[in-house]
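Numbering (my numbering), first residue to last: 24 to 225.
We put the beta carbon where it would ideally sit given N, CA and C, even for glycine.
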Amino acid sequence: MGQMKDIFAGMFLKLCILPVVATLMTFPSYAVAASSSSVYHDSSMDFGSIKTVAVMPLVNLTRDQQAADRVRDVFVTTLMANSEIYVVPSGEVARGIINAGIANPSAPTPEEVTKLCKTIKVDSVFTGVLREYGEVRSGTAMANAISLSMQLMEGQTGKIVWSADTTQGGIGVMDRLFGGGGQPLNVVTEEAVDEIIKELFK
24 MGQMKDIFAG
34 MFLKLCILPV
44 VATLMTFPSY
54 AVAASSSSVY
64 HDSSMDFGSI
74 KTVAVMPLVN
84 LTRDQQAADR
94 VRDVFVTTLM
104 ANSEIYVVPS
114 GEVARGIINA
124 GIANPSAPTP
134 EEVTKLCKTI
144 KVDSVFTGVL
154 REYGEVRSGT
164 AMANAISLSM
174 QLMEGQTGKI
184 VWSADTTQGG
194 IGVMDRLFGG
204 GGQPLNVVTE
214 EAVDEIIKEL
224 FK
C-alpha cells in the first residue's frame, strides 16, 4: 500500500507541475541567452588587412554610468587575446579624438573616422551601443542581462564594413520556476563579447 501511495503521490505532483511549466513556456523570457541576432559583413572588405584598431567610447543607454567603460575594456582585452589585431590604448584614442576635433566620439561621422585613423595611425575604428546591462526582473525572478551591438568602420573611407549584436543572460523558464539568480554579470558580459568577436572572424 505504501508503494502505491508513493506512486500516486508522484503522479499527482507531476500533474500539478506540468500545467505550470506549460504556462511558463508561453511567457516570453526576458533576454534569454542567445547568439547574435543580426550580422553584416562587407564582402569586398579584406578583414585580414586590419592590424591596428581604435575602440571608441560606447553609447550607453543603461542606467549604470560606468557600464559602457567596463564593457569597452572587456571588448578590448578579449579582442587582443583572441586575434593578432593591436588595439590602441584608450588614452591615445582620447588624445586622437581631441586632435581630430570629433564632436561625438560615440558616433563619429565617416569623415571624422578617416581623420582619426590618420591621426593615430589605425586601420579601422570600432563603435558600439550598450542597450542593457545589469539586473532584470520578472515577478520574483531576477537575473543579469546584457545587450550589445558593435560596428567596424574602415579607416580610408569611414564606411561601416561589419556590424553585429547580441543579447546574453536574462530570465529563463527555470529561473521563473525556482527563482534562480542567473549568471554573474561579468560572466554574461564575457559571453556577449565573445559572441560578438566570433562574428567578426567568421
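Neighbour-count burial assignment, Lys138, 16 or more Cβ in a 10 Å radius: buried
CA-to-CA distance, Trp185 to Leu148, given in whole angstroms: Leu is not the amino acid found at residue 148; the sequence shown has Val there. If I take the Cα positions, the gap works out to 11 Å.
Inter-stretch contact at 8 Å, needing at least 3 Cβ pairs: the region 154 to 170 / the region 101 to 116: no
Boundaries (first-last residue) of the beta strand (DSSP E) holding Val184: 183 to 192
Span separating the alpha-carbon of Asp92 from that of Leu81: 7 Å
Ala45 - DSSP class collapsed to helix/strand/coil: In this predicted model, Ala45 has a pLDDT of only 41, less than 50, meaning its place in the structure is not dependable; the value taken from the coordinates is given anyway. Correct three-state label for Ala45: helix.
Whole runs of the alpha helix (DSSP H) within the region 107 to 169, excluding any shorter than 4 residues: 113 to 122, 133 to 143
Asp188 classed as buried or exposed, judged by whether at least 16 other C-beta atoms fall within 10 angstroms: buried
First and last residue of the uninterrupted beta strand (DSSP E) at Asp180: According to the sequence as given, residue 180 is Thr; it is not Asp. Taken as a continuous stretch (DSSP letters only), Thr180 belongs to no beta strand (DSSP E), as it is neither H nor E.
Among Val152, Gly178, Ile121, the one whose alpha carbon lies nearest that of Asp146: Gly178
Backbone secondary structure at Leu175 - three-state DSSP: strand
Three-state secondary structure (DSSP) of Ser61: strand
Closest residue to Ala166 among Lys144, Gly192, Gly181, Thr180 (Cα-Cα distance): Gly192
Buried or exposed by the 16-neighbour rule on C-beta atoms within 10 Å, applied to Val44: Note that Val44 scores 41 on pLDDT, short of 50, meaning its location in the model is unreliable; the coordinates nonetheless yield the value given after this. The residue in question, Val44, is exposed, as its Cβ has fewer than 16 Cβ neighbours within 10 Å.
Unbroken beta strand (DSSP E) run spanning Thr85, endpoints: Run containing Thr85: none; DSSP gives neither H nor E here.
Contact under 7 Å by Cβ, Ala20 with Glu155: One cannot answer for residue 20 here, as it falls past the ends of the chain, which runs 24 to 225.
C-alpha distance - Ser106 paired with Asn122, whole-angstrom precision: 28 Å
Within 7 Å, strictly: CB atoms of Met79 and Pro128: yes
Opposing strand residues paired with Ala91 [DSSP bridges]: BP columns for Ala91 are empty, so no partner.
With 16 other Cβ atoms within 10 Å as the buried cut-off, status of Ala54: For Ala54, the pLDDT reaches just 41, beneath the cut-off of 50, and the residue's location in the model is therefore unreliable, although a value from the coordinates is still provided. Buried is the call here.
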